[in-house]
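Residue 359 in full-length UniProt numbering is what sits at position 359 of the sequence shown, and the numbering runs on without skipping anything. Glycine is no exception: its CB is placed at the ideal position from the N, C-alpha and C atoms. These figures come from a predicted structure and were not determined experimentally. First up is the structure itself, then whatever we jot down about it.
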Amino acid sequence: MSFRSAFTPALRASRSAIRPAIRSRAAVRGYATEPAAKSSNNTLIYAALAAGVAGAGGYYFYGTDATPAERVEELKTAGREAEQIAEAKTGLGLKKKEDYQKVYNRIAEMLEVDDYDDGSLAPVLIRLAWHASGTYNAADNSGGSNYATMRFKPESEHGANNGLGIARDHMEKIKKEFPWISYGDLWTLGGVCAVQEAAGPIVPWRPGRIDGYDHHCTPDGRLPDGSKAQDHLRDIFYRMGFNDQEIVALSGAHAMGRCHTDRSGFDGPWTFSPTTFTNDYFKLLFDEKWSWRKWGGPAQFTDSKTKSLMMLPSDMSLTKDKEFKKHAKAYAEDQDLFFKDFAKVFNKLIELGVPKAQFASEPYHLKTMDEQDVAR
Ligand code: HEM
Numbered sequence: 001m002s003f004r005s006a007f008t009p010a011l012r013a014s015r016s017a018i019r020p021a022i023r024s025r026a027a028v029r030g031y032a033t034e035p036a037a038k039s040s041n042n043t044l045i046y047a048a049l050a051a052g053v054a055g056a057g058g059y060y061f062y063g064t065d066a067t068p069a070e071r072v073e074e075l076k077t078a079g080r081e082a083e084q085i086a087e088a089k090t091g092l093g094l095k096k097k098e099d100y101q102k103v104y105n106r107i108a109e110m111l112e113v114d115d116y117d118d119g120s121l122a123p124v125l126i127r128l129a130w131h132a133s134g135t136y137n138a139a140d141n142s143g144g145s146n147y148a149t150m151r152f153k154p155e156s157e158h159g160a161n162n163g164l165g166i167a168r169d170h171m172e173k174i175k176k177e178f179p180w181i182s183y184g185d186l187w188t189l190g191g192v193c194a195v196q197e198a199a200g201p202i203v204p205w206r207p208g209r210i211d212g213y214d215h216h217c218t219p220d221g222r223l224p225d226g227s228k229a230q231d232h233l234r235d236i237f238y239r240m241g242f243n244d245q246e247i248v249a250l251s252g253a254h255a256m257g258r259c260h261t262d263r264s265g266f267d268g269p270w271t272f273s274p275t276t277f278t279n280d281y282f283k284l285l286f287d288e289k290w291s292w293r294k295w296g297g298p299a300q301f302t303d304s305k306t307k308s309l310m311m312l313p314s315d316m317s318l319t320k321d322k323e324f325k326k327h328a329k330a331y332a333e334d335q336d337l338f339f340k341d342f343a344k345v346f347n348k349l350i351e352l353g354v355p356k357a358q359f360a361s362e363p364y365h366l367k368t369m370d371e372q373d374v375a376r
């Protein structure tokens, strides 16, 4: 099935049913910020903020033991943070929703690639947005999507990020066309676009992330390991600030894409329609019989009927752990509920680590290509 033909009438119908609920102001109230303040003396505010934040920044990260080179790097970051905060507060230099819709449209236009995997880059773009954000540690506020540190070694070479060079290289083409967008904004927008264009829910998204430096890279080991089960998932996702229901909702992204032996070592797709966003992952978890696959690769499950699908040990733990199972069952039975919860939690994921002051607007609900009726 091609990526485009995957948009079935049934999915379109369920999509339009979910949209009004997701679009309502109430649904996004939790993420609202004050509107950007307008100032009669923007330049002064800008300069003051830049000086203030830059001054504080050096000591914040390196303390007084920093080498001159480290201080310079940190001052550069602090300068960018100040710039972004000043833009957010004053509205100066800010791009508008329409500008981001243009970037969205360009990403959407380039999702289909006939000779790549199942015909779409959407799954790997969702994985890029997730791995760029899922490094967050709530305890010290490090990691997350703010600095797009996966551009740098060592993070680009962390085992969990194998294969994401494909997604980063692809996004580089978009970046060349829209050089003003930060990598963090671009990658997270890519994930949102991929979910929406694959017939998933509308995910609120807003700009504000800044580009950091290699010293902002997070240590290896912050992303989950598919060979482990519920205790590990809780360790990893509680660290980011998620609860059990949110862990299960996020896991539903495995409706999309597949495992690759040359990336994670695992093999195969979770669902029969890996380029369409559905609740099939949850349905299949409960409806199929799963057994250990007999093969030379890492331990994974296969469906007894067709032997063409897979589940990771971490996926199977959603059916074994009592609390996880409760939510997984609910999502298997109600796709609208899954879509509503996924939109909310994916928005939370991609905003991890971004100082609220850097956001200039309430989250946008960018339109799908279908909604805009853009000829493709
Ligand atoms: C719950 C813990 C998770 C584990 C252990 C896990 C593990 C994995 C593994 C092993 C792969 C295969 C990579 C490859 O070989 O290409 C993968 C792919 C993927 N993951 Fe996860 N993941 C988890 C959570 C998530 C979350 C939270 C999201 C997004 C919200 C996500 C989205 C995806 C997508 C879309 C793919 C397919 C990528 C492609 O087709 O190229 N995963 N995941």
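Nearest-angstrom Cα distance between residue 134 and residue 373? As a position in the sequence shown, residue 134 is number 134, starting the count at 1. As a position in the sequence shown, residue 373 is number 373, starting the count at 1. Whole-angstrom Cα-Cα distance: 34 Å.
Of the residues 359, 365 and 370, the one placed nearest residue 90, counting alpha carbons only: Locating residue 90 in the sequence shown gives position 90, counting from the first residue. Of the candidates 359, 365 and 370, the one whose C-alpha sits nearest the C-alpha of residue 90 is 359.
Where residue 93 and residue 131 are concerned, what is the direct C-alpha to C-alpha distance, given to the nearest angstrom? To locate residue 93, count along the sequence shown from 1; it is residue 93. To locate residue 131, count along the sequence shown from 1; it is residue 131. Taking the straight line from one Cα to the other gives about 29 Å.
Beta-carbon proximity list for residue 42, same chain, < 6 Å, skipping 5 on both sides: Counting from one through the sequence shown, the residue named residue 42 turns up at place 42. Here the model assigns residue 42 a pLDDT of 46, short of 50, so the residue's position is not dependable, and the following value carries that caveat. 90 and 92, listed in sequence order.
As assigned by DSSP and simplified to three states, the class of residue 319: By one-based count along the sequence shown, residue 319 stands at place 319. In this structure, residue 319 counts as helix in the three-state DSSP scheme.
Among 146, 112 and 99, nearest to residue 177 - alpha-carbon criterion: Within the sequence shown, the letter at position 177 stands for residue 177. Considering only alpha carbons, the answer is 99.
Can you tell me which of 161, 182 and 151 puts its alpha carbon nearest to the alpha carbon of residue 220? Numbered from its first residue, the sequence shown carries residue 220 at position 220. Residue 220 has its Cα closest to that of 161, out of 161, 182 and 151.
Could you check where the beta strand (DSSP E) with residue 302 kicks off and where it finishes? Numbered from its first residue, the sequence shown carries residue 302 at position 302. Here the beta strand (DSSP E) through residue 302 covers 301-303.
Per-residue burial, residue 116 [other beta carbons within 10 Å of its own, 16 or more giving buried]: Locating residue 116 in the sequence shown gives position 116, where the first residue counts as 1. Its Cβ having fewer than 16 others within 10 Å, residue 116 is exposed.
Whole angstroms are fine: how far does the CA of residue 335 sit from the CA of residue 292? Mapped onto the sequence shown, residue 292 falls at position 292. Mapped onto the sequence shown, residue 335 falls at position 335. Taking the straight line from one Cα to the other gives about 28 Å.
Nearest CA to the CA of residue 121: which residue from 366, 294, 274 and 299? Numbered from 1 along the sequence shown, position 121 holds the residue referred to as residue 121. Comparing Cα positions, the closest option is 274.
Within 10 Å of its beta-carbon, does residue 139 have 16 or more other beta-carbons around it, so buried, or fewer, so exposed? One-based indexing of the sequence shown puts residue 139 at position 139. Classification for residue 139: exposed.
CB-CB length for residue 183 against residue 151, believed under 8 Å: Position 183 of the sequence shown, counted from the start, is the residue given in the question as residue 183. Position 151 of the sequence shown, counted from the start, is the residue given in the question as residue 151. Sure, about 6 Å apart at Cβ, within 8 Å.
For residue 38, count neighbouring C-beta atoms within 10 Å of its own C-beta (all shown protein chains included) and say buried if the count is 16 or more, exposed if not. Counting from one through the sequence shown, the residue named residue 38 turns up at place 38. Bear in mind that a pLDDT of 37 at residue 38, under 50, signals an unreliable position, so the number given afterwards is only what the model happens to contain. Exposed.
Alpha carbon of residue 126 to alpha carbon of residue 253, nearest angstrom: By 1-based counting over the sequence shown, the position of residue 126 is 126. By 1-based counting over the sequence shown, the position of residue 253 is 253. Cα to Cα, the separation comes out at about 8 Å.
Please determine whether the Cβ atom of residue 250 lies at a distance below 7 Å from any heavy atom of the ligand HEM. To locate residue 250, count along the sequence shown from 1; it is residue 250. Residue 250: yes, Cβ under 7 Å from the ligand HEM.
Residue range of the beta strand (DSSP E) that residue 180 falls in? Sequence index remark: in the sequence shown, residue 180 carries index 180 (1-based). Looking at the DSSP string, residue 180 is not in any beta strand (DSSP E), and its letter there is neither H nor E.
Residue 130 - containing alpha helix (DSSP H), residue span: For the purposes of this step, residue 130 is identified with residue 130 of the sequence shown, where counting begins at 1. Counting along the chain, the alpha helix (DSSP H) containing residue 130 begins and ends at 122-133.
N-terminal and C-terminal residue of the beta strand (DSSP E) that residue 142 is part of: Here residue 142 refers to the residue found at position 142 of the sequence shown. Run containing residue 142: none; DSSP gives neither H nor E here.
Burial state of residue 147, where buried means 16 or more other Cβ atoms lie within 10 Å: Locating residue 147 in the sequence shown gives position 147, counting from the first residue. By the neighbour-count rule (16 or more Cβ atoms within 10 Å), residue 147 is buried.
Ignoring anything shorter than 4 residues, give me the alpha helix (DSSP H) runs that lie fully in the segment 238-303, in order along the chain. 244-251 and 280-287
Residue 343 CB to nearest heavy atom of the ligand PLP below 7 Å: Inclusion of the ligand PLP in the displayed structure is not the case, the ligand content consisting of the ligand HEM alone.
Span separating the alpha-carbon of residue 230 from that of residue 145: Here residue 230 refers to the residue found at position 230 when the sequence shown is read from its first residue. Here residue 145 refers to the residue found at position 145 when the sequence shown is read from its first residue. Computed Cα separation, rounded: 25 Å.
What is the DSSP secondary structure of residue 310, reduced to helix, strand or coil? Along the sequence shown, read from residue 1 onward, the residue named residue 310 stands at position 310. Looking at residue 310 - three-state DSSP - the assignment turns out to be strand.
Return yes when the Cβ of residue 328 is within less than 8 Å of the Cβ of residue 285, no when it is not. By one-based count along the sequence shown, residue 285 stands at place 285. By one-based count along the sequence shown, residue 328 stands at place 328. A contact, by the Cβ cut-off of 8 Å.
For residue 326, does the count of other Cβ atoms within 10 angstroms reach 16, so buried, or fall short, so exposed? Mapped onto the sequence shown, residue 326 falls at position 326. Result: exposed.
Identify every residue that forms a DSSP beta bridge with residue 205. By one-based count along the sequence shown, residue 205 stands at place 205. DSSP, once it has assigned bridges, lists 364 as partnering residue 205.
Got a sec, what are the start and stop residues for the alpha helix (DSSP H) residue 337 sits in? Against the sequence shown, residue 337 aligns to sequence position 337. That run of the alpha helix (DSSP H) goes 335-350.
I'd like to know if the segment 258-275 and the segment 333-349 are in contact, where contact means that at least 3 CB-CB pairs between them fall below 8 Å. no
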